[in-house]
Structure formats: structure tokens, C-alpha cells
Amino acid sequence: MSQTTIHIADIEHIGEAARKFVELMDDRTVFAFNGEMGAGKTTFISALACALGVDSGEANSPSFALVNEYRSDTTAELIYHFDLYRLENLEEAIDMGIEDYLDSGALCLIEWPELVNDILPDDTVRVDITVNPDGSRDVTVNL
């Protein structure tokens, strides 16, 4: 397993960081984003969706719906953005059909993946977002 860290000095550099992330994605489809509350998971995933060709007005937090579906304007690729923060247990995730999403071959970007770790595919890419003392962020991609 290799590890790559992308540094984000400030919000103005998030698009550049998202483009670097896209270069690392290859044909992988499931990405689990970890980080404390306020670390910038949603903001980074929104920038990532834009870098993948999603209209910037469409890419936002699925906090209330648990999952948002986007389609890339450039590749027509389906992208699912999950925010599992409000789930109480694995059964709730299974009831919402998360296994079907994970097996769909579409890109799955998952915030707060802790409850579903046991059912994530073996090739899931773990992504850690860390807030540095100066307010910058580090996005560590474990490939």
C-alpha cells in the first residue's frame, strides 16, 4: 500500500488539490473520507466532484438525504456522495441500499464511513483529512 499526501494551504487552493486527487484515482470507485467534524470533508468532496465535471451548483452536502447523485458533464459518469453521519447502525445503511451503490461500479465518495467499514470493498481507498495548526489541510490518500 502506498500513501500520498496533498497539502491544501487554504480554500483558494482546494480546486488544485482536487485535480491532484483525480490524478490518483485511477479506476478505483470507492473512497472513504475520514476526518474530524469541520475538517473539510464535504468541501473537498464538492471540489472533487467539480474537478470530475459536475456543475459546481449541484455538488453539496447530502446531510439530509444521506446520499446525493451527481453526473459528470464531461464523462457522464455517475457519482454518489454519501454523508453517513446521522446513521445509528449498519442496518440503517443496508436498509438504504448502500451495498447496491457500492457494487454499482459508480464512483462512491463516503463521509463518516465508520459504521459501514465491515461491508466496504477490499479495494476501498481510505482518505484522511487533517486540519493543521495553521488552518491548512492535509489530504492523505492510502492506495
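Each step along the sequence shown adds one to the number in this note's numbering, with nothing skipped, and position 83 is 86.
By construction, the Cβ of each residue, glycine as well, lies at the ideal position given by its N, Cα and C atoms.
Exercise for the section: Could you work out which residue in Tyr104, Pro136, Glu19 and Lys23 is closest to Ile122 when comparing CA atoms only? Expected result: Tyr104
Practice task
Please say whether Thr77 and Gly100 have beta carbons closer to each other than 8 Å?
Solution key: no
Exercise for the section: Go ahead and pull the three-state DSSP assignment for Val57. Expected result: coil
Problem - Beta-bridge partners of His16, as assigned by DSSP - result: Paired residues: none, contrary to the question.
Handout entry: Distance between Glu94 and Ile9 (C-alpha atoms, nearest Å)
Key = 34 Å
Problem - Stretch-stretch touch, CB-based, cutoff 8 Å, three pairs: the region 10-20 with the region 81-96 - result: Counting Cβ pairs under 8 Å, fewer than three are found: no touch.
Handout entry: Same chain only: Cβ atoms within 6 Å of Asn37, ignoring 5 sequence neighbours per side
Key = Asp131
Handout entry: Beta-carbon proximity check, Thr7 vs Leu146, cutoff 8 Å
Key = yes
Handout entry: Proximity of Val33 and Val128 at Cβ, strictly below 8 Å
Key = yes
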